Amino acid sequence: MEWGVMAPGAWSGDKFRFSEHVHGGQDYVGAANISLVVSQPAKWENIESMQESADARKGIGINTYNEQIEIKKRRVARFEEVIADPSKAAPRDDVSEYPAAIEELKKEIREAEASIAGLKRDWHPIDLGLPQSLGYAAGPTLHAFLLRDGRAYNFMSVGGEGEAPFEERKKAFLDMLQRFKVRNLYEIPKERGLCIPYGFIPDDGTGHFRMEVSMRYKDRPGVIYTIGTAVVGERGIEQGESPMLQATARSAASLLAGGLTEGREVKSIGPRPVQIGALPAYQGGFSLNVAEPGQPPVFNYSVYTGYAGWDHSRVLPAITVNLRSFTKEQDPSIKENPPPIEESMQRLEALLKGMRLRPTDKPMPELVPAAPLP
Numbered sequence: 008m009e010w011g012v013m014a015p016g017a018w019s020g021d022k023f024r025f026s027e028h029v030h031g032g033q034d035y036v037g038a039a040n041i042s043l044v045v046s047q048p049a050k051w052e053n054i055e056s057m058q059e060s061a062d063a064r065k066g067i068g069i070n071t072y073n074e075q076i077e078i079k080k081r082r083v084a085r086f087e088e089v090i091a092d093p094s095k096a097a098p099r100d101d102v103s104e105y106p107a108a109i110e111e112l113k114k115e116i117r118e119a120e121a122s123i124a125g126l127k128r129d130w131h132p133i134d135l136g137l138p139q140s141l142g143y144a145a146g147p148t149l150h151a152f153l154l155r156d157g158r159a160y161n162f163m164s165v166g167g168e169g170e171a172p173f174e175e176r177k178k179a180f181l182d183m184l185q186r187f188k189v190r191n192l193y194e195i196p197k198e199r200g201l202c203i204p205y206g207f208i209p210d211d212g213t214g215h216f217r218m219e220v221s222m223r224y225k226d227r228p229g230v231i232y233t234i235g236t237a238v239v240g241e242r243g244i245e246q247g248e249s250p251m252l253q254a255t256a257r258s259a260a261s262l263l264a265g266g267l268t269e270g271r272e273v274k275s276i277g278p279r280p281v282q283i284g285a286l287p288a289y290q291g292g293f294s295l296n297v298a299e300p301g302q303p304p305v306f307n308y309s310v311y312t313g314y315a316g317w318d319h320s321r322v323l324p325a326i327t328v329n330l331r332s333f334t335k336e337q338d339p340s341i342k343e344n345p346p347p348i349e350e351s352m353q354r355l356e357a358l359l360k361g362m363r364l365r366p367t368d369k370p371m372p373e374l375v376p377a378a379p380l381p
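Here the numbering used here is used: the first residue of the sequence shown is 8, the next is one more, and so on.
So, in structure tokens, the structure goes:
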């Protein structure tokens with residue numbers, strides 16, 4: 008999928024990054040079980056710091072287990088002392104229960120010691136076989152930290168129920184890193200694969216993906232546009248509520264707000280059918296003047312636009328675009344309040360119009376006709 012905008016924009020993650028108060032809600036980039044974060048500007052010391060941070064969690068875990076072991080050993084020593092001299096027992100203590108308590112504590116100590124051994128064995132740096140890169144295995148979780156063109160790329164593969172065994176995941180993880188390429192801004196690859204901010208991961212056209220990435224115009228830092236897409240029906244991404252219902256719910260928020268606004272201006276957007284490129288979608292939202300009575304208007308708004316997608320389709324995935332605004336009061340780093348909803352809607356409409364499915368030089372597998380039966 009690709010899209011065009013009618014003014015210079017900035018992705019979250021670069022020098023125009025969002026603050027903790029202004030963000031897209033669930034910004035995320037994932038390919039199968041691998042998640043990715045891109046940030047800039049970055050230097051080699053930032054990559055080293057990322058690996059050190061992963062190793063620091065190992066040290067914290069070992070220290071925590073050691074502290075627990077020392078506490079339990081002191082309790083064992085206390086119980087043994089009382090067993091040897093029952094006169095040292097507290098008035099309400101049942102000394103007859105101490106032997107069983109000691110055995111339970113010793114079992115917990117052995118388990119903590121085994122956990123420490125596991126951390127020392129399973130948490131360690133790994134060689135990715137790539138230039139300007141560092142890797143780390145944090146138990147079942149694999150990390151890769153890459154420096155490319157002044158940007159840091161942080162890949163993470165998490166194990167768990169339903170995931171492949173560690174060695175199988177490690178092989179797939181390293182294979183994906185070997186395929187990963189840097190992508191220039193506005194560069195649109197023709198081959199099969201997944202575009203990410205400033206990157207591209209070639210694949211065979213059958214991989215799962217899910218992402219939400221936010222952008223904003225430089226002249227309107229308090230208005231963000233979050234673009235989401237995902238393969239429906241896989242890895243927990245279900246169809247859920249239809250875009251029509253979600254658009255209706257977002258639009259209905261204006262009715263709920265009407266009783267709380269003390270006569271301030273409230274506008275309802277939709278729900279209505281629209282298009283995301285050539286795809287049918289639904290849109291709904293609201294705009295609310297949040298200024299105190301008698302003060303200049305301050306607009307806060309939220310607009311949802313969504314296309315449901317087809318189950319298990321990489322060619323027709325689910326697509327959403329969420330427009331949100333933030334005021335100076337919500338984030339002091341914003342120097343001006345959002346413009347009226349009409350301006351932001353004009354930009355949203357241009358964004359939706361410019362979105363289209365990305366063609367590939369080799370057809371996607373689901374578009375290749377099945378071989379005729381013999």
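No residue lacks a Cβ here, since even glycine has one placed at the ideal position from N, Cα and C. Note that this is a predicted model, so its numbers are computed, not measured.
Have a look at the DSSP bridge pairing and note the partners of residue i.
i: E59; result: DSSP, once it has assigned bridges, lists no residue as partnering E59.
i: Y143; result: P132, H150
i: V220; result: I234
i: L374; result: None; L374 has no bridge partner.
i: I203; result: G206
i: R331; result: I231, S309
i: R155; result: R158
i: E248; result: Per DSSP, none; premise fails for E248.
i: E170; result: DSSP lists no partner for E170.
Hey, residue i and residue j are a contact pair by Cβ (cut 8 angstroms); roughly how many whole angstroms apart?
i: M251; j: N161; result: That belief does not hold up - the Cβ atoms of M251 and N161 are roughly 37 angstroms apart, past 8 angstroms.
i: I116; j: E87; result: About 14 angstroms separates the two Cβ atoms, so there is no contact after all.
i: R82; j: L112; result: 6 angstroms
i: V220; j: D368; result: Wrong, their Cβ atoms sit about 24 angstroms apart, outside the cutoff.
i: P382; j: G212; result: Residue 382 lies beyond the stretch modelled for the chain, which goes from 8 to 381, so this question has no answer here.
i: G382; j: Q353; result: Since the first and last residues shown for the chain are 8 and 381, residue 382 lies out of range.
i: F216; j: A38; result: 5 angstroms
i: Q302; j: L359; result: Between L359 and Q302 the Cβ distance is about 33 angstroms, and since that is not below 8 angstroms, they are no contact.
i: L141; j: L184; result: At roughly 12 angstroms, the Cβ-Cβ gap does not stay under 8 angstroms, so L141 and L184 are not in contact.
i: T255; j: P278; result: 4 angstroms
Can you name the start and end residues of the alpha helix (DSSP H) that residue i belongs to?
i: L359; result: 348 to 361
i: A179; result: 173 to 186
Note the first and the last residue of the continuous beta strand (DSSP E) segment covering residue i.
i: I195; result: Run containing I195: none; DSSP gives neither H nor E here.
i: Y160; result: 158 to 164
i: F207; result: 206 to 209
Check your understanding: Taking only runs of the alpha helix (DSSP H) that begin and end inside the region 272 to 329, which ones reach a length of at least 4 residues, in chain order?
Key -> none
Alpha helix (DSSP H) segments (min. 4 residues) lying fully within the region 36 to 117:
51 to 91
Taking three-plus beta-carbon pairs below 8 angstroms as touching, is the region 303 to 314 in contact with the region 332 to 341? yes
**Prompt:** Is the region 318 to 330 touching the region 234 to 242, taking contact as three or more C-beta pairs under 8 angstroms?
**Reply:** yes
inquiry  = Could you check whether the region 197 to 215 touches the region 58 to 65, counting it as contact only if at least three pairs of C-beta atoms, one from each stretch, sit closer than 8 angstroms?
reply    = no
request  = Give a yes or no on contact between the region 48 to 55 and the region 151 to 160, applying the rule of three or more CB pairs nearer than 8 angstroms.
outcome  = yes
Review point. Can you find at least 3 beta carbon pairs, one from the region 187 to 201 and one from the region 286 to 300, that sit closer than 8 angstroms?
Key: no
ask   = Would you say the region 140 to 148 touches the region 164 to 174, given that touching needs at least three Cβ pairs under 8 angstroms?
value = yes
| query | Is the region 114 to 130 touching the region 87 to 102 in the sense that three or more CB pairs, one from each, lie closer than 8 angstroms? | reply | no
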